[in-house]
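Numbering (the working numbering), first residue to last: 4 to 583.
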């Protein structure tokens, strides 16, 4: 028996507070396909032909969807995702594995597709690389579409989202880009899903559509019914069943505040007691510069350059292609600081399906780049050439040894001299920073700081490495807890060292957008945060109504409770503090 009045906590993909009726979205993958693993030799050619036919239909469908939405406002990133999926339909990793299962294992096409999609999905999720974990969702989307086309019927993946009633909150296990691209946004107040992360496809959809969304709720789908009223508080990351009438009133007040209050984004950000805080934005792609400037963020705190592999799909981005993109970003940002992180990817990006015994701890980030100097130098040359067009800072990911920093500096100097000899202009001084995301770097930080101009904490990876738990592993997600005493102490120690050495430091992971963590970070000594652009308003408001002295008092109480692993008490304490 489910508690009739219960809270469900998840991850905010797009902020906002909404009250409305549930509309459950049935799993579009539910279909009746006969699965067999006893094919006879004379049946195999027919199954391969059926599979090929389903791929042709899938490619045609995706082509049509992309074309139909060419002029639809806000659909750019979704069209990019679907275009990427179209390229993956014929990828040898998928095609050859399915054919192998049909020929060698005697599986019919439906079973071979389902097994292969599941295996690839699990491999991507286990890579320990957020780039691939976020792309794993697209594998499932492709699998759904291929499976439906194996039925040789004209079924629409958008069927569950057609003819929606007005003012509903969609609740689903998951929603794919194929399902969402034609959504009637005017009828949807909010979205809640069991699965997904802050950087996954649902987050992209939510940001594009401006719909308050919470993902990663784990079991919300099985705990609500159609027409049931719920309160979706994506500002604080929870969903509530059957809220009381008093909470309706509270919701109404906060709704007016969040939706109608004009935000003076040009106001210098300070706490109530005058502490200056710098709020920057994480840049998802070049098109995001406009929103960042409109909201007057104080620069780009993180641009993940590996997104270029999504934009340039058929080959490794060349020096010239990279230079053009970096130059445009720097020029658009008009001398505001732009932190560009060099490629944070691994061997599996270049050898799809390549196997590592433990990719979570494998050849990725700066490790991979140093072992592939030609790739690294192409990127460094592009960055150096672009440097004269704005306020560039270069960030190195996944640092574990001092030698990695030294080698990066050597390659930078090599590239600088080459470019000067070739007649290019290059800025004399470009700040170089490191990401703190491995325990070795976090614990031994003082050993890594020689010649480093700034620091950035990647809280997502740092937390999962400290706790030895994958952040997308929902079965043990309770261990991925930012209130764990070791994580809190690690962050505080980093802030103390940075202040002692007078090195600027920023936080750019999910923790920076968590309303329950912001005050604690300020109390620890962090004065610069970088968040996704949709969160700028919310974080600005939160900080401007915070007192540093109150947050320092709260931090002491939280650490005391954390030592006892009383995490529910911590959340209650913070919610009480935030409501005052």
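Quick reminder that beta carbons are idealized off the backbone N, C-alpha and C, glycines included.
Keep in mind that this is a model prediction, so the values were computed, not measured.
- Membership of residue 100 in the alpha helix (DSSP H) is indicated by the continuous run 95-106.
- If the five residues before and after residue 226 are omitted, its C-beta is found closer than 8 Å to the C-beta atoms of 5, 9, 11, 244, all from its own chain and listed in chain order.
- For residue 174, the three-state secondary structure derived from DSSP is strand.
- Per the coordinates, the alpha-carbon of residue 464 lies some 7 Å from the alpha-carbon of residue 441.
- DSSP places residue 322 within a helical segment (H, G or I) once states are collapsed to three.
- In the DSSP assignment, residue 236 falls within the beta strand (DSSP E) that extends over 232-236.
- Proximity of the region 544-555 to the region 317-335 falls short of the contact definition, fewer than three beta-carbon pairs being nearer than 8 Å.
- By the neighbour-count criterion, in which 16 or more other beta carbons inside 10 Å mark a residue as buried, residue 95 falls on the exposed side.
- Counting of Cβ neighbours within 10 angstroms places residue 318 among the exposed residues, the total staying below 16.
- Here the alpha carbon of residue 457 sits roughly 5 Å from the alpha carbon of residue 436.
- Taking C-alpha positions only, residue 41 is separated from residue 14 by approximately 43 Å.
- For residue 533, the enclosing beta strand (DSSP E) begins and ends at 531-535.
- If you look at residue 124, you'll find it isn't in any beta strand (DSSP E); it sits in the alpha helix (DSSP H) that goes 112-128.
- DSSP links residue 340 through a beta bridge to 394.
- Just so you know, the alpha carbons of residue 446 and residue 173 end up roughly 44 Å apart.
- When the alpha-carbon of residue 188 is set against those of 196, 209, 177, the nearest one is in 209.
- Where residue 27 is concerned, the enclosing beta strand (DSSP E) starts and stops at 20-27.
- Between the alpha carbons of residue 574 and residue 117 lies a gap of roughly 40 Å.
- Annotation: residue 517 to residue 540 spans about 13 Å, alpha carbon to alpha carbon.
- Around the beta carbon of residue 291, a 10 Å sphere encloses 16 or more other beta carbons of the protein chains shown; the residue is thus reported as buried.
- The straight-line gap separating the alpha-carbon atoms of residue 197 and residue 242 is approximately 12 Å.
- Looking at the DSSP output, residue 47 bridges to nothing.
- Remark: C-beta atoms of residue 296 and residue 339 approach each other more closely than 9 Å.
- Non-local C-beta neighbours of residue 106 in its own chain, meaning closer than 7 Å and more than five positions away in sequence, comprise 47, ordered along the chain.
- The alpha-carbon separation between residue 233 and residue 59 amounts to approximately 42 Å.
- Looking at the DSSP output, residue 148 sits in no beta bridge, so it has no partner there.
- Rounded to whole angstroms, the gap between the alpha carbons of residue 397 and residue 287 is 16 Å.
- Per DSSP, the beta bridge partners of residue 438 are 459.
- The criterion of a C-beta distance shorter than 9 Å is not satisfied by residue 310 and residue 285.
- Here residue 561 is near residue 486, since their CB atoms are less than 9 Å apart.
- Under DSSP, the beta-bridge partners assigned to residue 285 are 305, 535.
- Spatial neighbours of residue 273 in its own chain (CB-CB distance under 6 Å, excluding positions within 5 residues in sequence) are listed in chain order as 279.
- With a beta-carbon spacing of about 11 Å, residue 452 and residue 439 fall beyond the 8 Å limit used to define contacts.
- In the DSSP assignment, no residue is bridged to residue 577.
- Sorting 373, 434, 300, 391 by C-alpha distance to the C-alpha of residue 410 places 373 at the top.
- In this structure, residue 168 keeps its C-beta atom at 9 Å or more from the C-beta atom of residue 21.
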